[in-house]
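What follows is a short report on a single structure.
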Amino acid sequence: MLDLRQLRYFIAVAETEHVGRAAEQLHISQSPLSRQIAQLEKNLGLTLFERSQQRIRLTRDGATFLSEARALLRHADRLENLGRRLGRGEEGGLCIGYVADAMHTGVLPGALRRLQEESPGIHVALYSMPAAEQFEGLRQRSLDIALVREPPDRDDPVLRAAPLLEDPLLLVLPAGHPLAALETIPAPELDGQPWIAVEEPGDPVWRDTFVAACVASGFTPDIRLDAADPLTALGLVASGLGLALVQKSMVRGATDAVAVRTLPWHEASVHLWAVWHHIDLRPVVASFRETVLSDERETGAGPLAGGLAPGV
Numbered sequence: 351m352l353d354l355r356q357l358r359y360f361i362a363v364a365e366t367e368h369v370g371r372a373a374e375q376l377h378i379s380q381s382p383l384s385r386q387i388a389q390l391e392k393n394l395g396l397t398l399f400e401r402s403q404q405r406i407r408l409t410r411d412g413a414t415f416l417s418e419a420r421a422l423l424r425h426a427d428r429l430e431n432l433g434r435r436l437g438r439g440e441e442g443g444l445c446i447g448y449v450a451d452a453m454h455t456g457v458l459p460g461a462l463r464r465l466q467e468e469s470p471g472i473h474v475a476l477y478s479m480p481a482a483e484q485f486e487g488l489r490q491r492s493l494d495i496a497l498v499r500e501p502p503d504r505d506d507p508v509l510r511a512a513p514l515l516e517d518p519l520l521l522v523l524p525a526g527h528p529l530a531a532l533e534t535i536p537a538p539e540l541d542g543q544p545w546i547a548v549e550e551p552g553d554p555v556w557r558d559t560f561v562a563a564c565v566a567s568g569f570t571p572d573i574r575l576d577a578a579d580p581l582t583a584l585g586l587v588a589s590g591l592g593l594a595l596v597q598k599s600m601v602r603g604a605t606d607a608v609a610v611r612t613l614p615w616h617e618a619s620v621h622l623w624a625v626w627h628h629i630d631l632r633p634v635v636a637s638f639r640e641t642v643l644s645d646e647r648e649t650g651a652g653p654l655a656g657g658l659a660p661g662v
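Rendered as structure tokens:
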């Protein structure tokens, strides 16, 4: 049986690559910490660290174990949070998983604002994590609802999903760029221009997908920078460092330093889905889900056609 305390110790040492600094963070001395790590390795039959006089580094197996250990502790924290809420009789507590786009587009903040107005006593715990981890959290019942870019498989026996948002990608370019003088920009004009590519967390081939979509539209981007998120991309464009494709919801109120143009010939959008377990154990979950879905219908933020999907 894994000892969660040992896992926390292991993660601290792995992140600092230094037993002394990890011990300081954990408020324990070095010797007990070293013994606990050695005991964990013995129990697992696995060498987690390469040790030398200068430093301590993860082995390849240790790096794999670190990723899973972090996921397990996140789940344990959510489970503890749920247990404490239930123990206090807080039936109305919610655990919500989300991706960054749920925040950037205003979908999650808007739903939380409405929830607070209607039920100010409800405690909400937010967890930013990849879609796969959110789906597992829903199956384990440590999450109540997930907000993700892609839905689960249509034949998933447990999870249900509904589309929330289809957010078209727009061209953003520096206001002083020669192409900013054009209201309509043909695809060939973008060929060879310096580009800022926006990463898609959790998608290992996001860059290839981006380039392929551009080529299919008639131009080849010269990618100079990678941006971790759309807001970063906007800032880089405003500094004159290149062009970018950013979803419509993110460019509302953009500064005078950038120009925004639609590209009718480049049909690409960012999608957002709500996902939940098919069995509602608590009324507050169904209530919040309806709040999320109804907010998008009422605000006209670009809901997808076709109603509920998949498995509904």
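Residues in the sequence shown are numbered consecutively from 351, following this note's numbering.
Where a beta carbon is used, it is the ideal one built from N, C-alpha and C, also for glycine.
This one's a predicted model, so the numbers in the text were calculated from it and none came from an experiment.
Quick one: Cα of L515 to Cα of L458, how far?
-> 12 Å
Contact under 8 Å by Cβ, D506 with L622 | no
H377 versus E400: straight-line alpha-carbon distance, rounded = Straight-line Cα distance between these residues: approximately 24 Å.
With burial defined as no fewer than 16 other Cβ atoms inside 10 Å of the residue's Cβ, what is the status of G526: buried or exposed?
-> exposed
Cβ-based neighbour list, R499, same chain, cut-off 8 Å, excluding 5 preceding and 5 following = V449, D451, A481, E550, V620, H621, L622, W623
Write down every uninterrupted run of the beta strand (DSSP E) in the stretch 575-639 whose length is 3 residues or greater and which is fully enclosed by it, in chain order.
-> 594-597, 608-611, 619-627
Is Q428 buried or exposed, if buried means 16 or more other CB atoms sit within 10 Å of its CB?
-> Correcting the residue type first, residue 428 is Arg in the shown sequence and not Gln. R428 should be labelled buried.
How long is the line joining the alpha carbons of V642 and A461, rounded to whole angstroms?
-> Computed Cα separation, rounded: 5 Å.
Are V548 and H627 closer than 8 Å when you measure CB to CB?
-> Cβ distance not < 8 Å, so V548 and H627 don't count as in contact.
Given that a residue counts as buried once 16 or more other Cβ atoms are within 10 Å of its Cβ, and exposed if not, what is I629?
-> exposed
Tell me, to the nearest whole angstrom, how far the beta carbon of P544 is from that of L593; I am working on the premise that it is less than 8 Å.
-> 7 Å
Where does the unbroken beta strand (DSSP E) through S478 begin, and where does it stop?
-> Looking at the DSSP string, the run of the beta strand (DSSP E) that includes S478 is 474-478.
Distance, A421 Cα to S665 Cα = With the chain represented from 351 up to 662, any question about residue 665 goes unanswered, as that position is not in the structure.
Distance, Cα to Cα, Y359 vs S492?
-> 23 Å
Alpha-carbon spacing of L352 relative to L488, whole angstroms = 23 Å
Distance between beta carbons of M479 and R405, contact taken as under 8 Å | The C-beta distance from R405 to M479 rounds to 30 Å, too long to meet the 8 Å contact threshold.
If you check the beta carbons only, do P524 and A604 fall under 8 Å apart?
-> The Cβ atoms of P524 and A604 do not sit closer than 8 Å to each other.
How long is the line joining the alpha carbons of Y522 and P528, rounded to whole angstroms?
-> The displayed chain sequence assigns Val, not Tyr, to residue 522. About 13 Å.
Three-way DSSP call (helix, strand, coil) for L398 in this model = coil
Going by C-alpha distance, which of R355, T409, S381 is nearest E367?
-> T409
Do you know offhand how far I472's Cα is from V634's?
-> 9 Å
One or two residues paired with P524 in a DSSP bridge | V608
DSSP three-state call for I406: helix, strand or coil?
-> If DSSP states are grouped into helix, strand and coil, I406 belongs with the strands.
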